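Numbering (this note's numbering), first residue to last: 4 to 123.
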């Protein structure tokens, strides 16, 4: 039973990585002409925020890493707003180039998720 529980927790952590990739994919789509998905601009409603606020804070809220992930989520939400504003303001190349700024957030997110996974 313990192994099954470990597998579920590992799957839950992996789900957060997928949620971040989905976030980046939605942002990239907007910056390449797709319609805007307003949930992207809400720290609670974007894909990572849904994972964070629907289950992760309850399960892992006692770990300091989850609070750092919450800060990353707030940061990337703000960055997404900034990039879409640039795009809507006609600064398309600048907005698209700004996607690379999410790479550092992604690396930090993965590091934090690995820390959480090692503790649970």
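We treat Cβ as the ideally placed atom computed from N, Cα and C, and that holds for glycine. These numbers were taken from a predicted model, which means no experiment stands behind them.
Once DSSP output is grouped into helix, strand and coil, what is the label at residue 92? Coil.
Should residue 121 go down as buried or exposed, given a rule of 16 or more other Cβ atoms within 10 Å for buried? Label assigned to residue 121: exposed.
Out of 28, 114, 109, point me to the one whose CA is closest to residue 76's CA. Closest in alpha carbon position to residue 76, among 28, 114, 109, is 109.
Rounded C-alpha distance that separates residue 72 from residue 42: Near 18 Å, if we compare the C-alpha coordinates of residue 42 and residue 72.
Taking all protein chains shown into account, do 16 or more other C-beta atoms lie within 10 angstroms of the C-beta of residue 100, making it buried, or fewer, making it exposed? Flag for residue 100 reads exposed.
Would you tell me roughly how many angstroms separate the C-alpha atoms of residue 29 and residue 123, rounded to the nearest one? Approximately 30 Å between the Cα atoms of the pair.
According to DSSP, simplified to helix, strand and coil, what is residue 76? In the three-state scheme derived from DSSP, where H, G and I count as helix and E and B as strand, residue 76 is classed as helix.
Is the CB-CB distance between residue 20 and residue 102 below 8 Å? Going by C-beta atoms, residue 20 is not nearer than 8 Å to residue 102.
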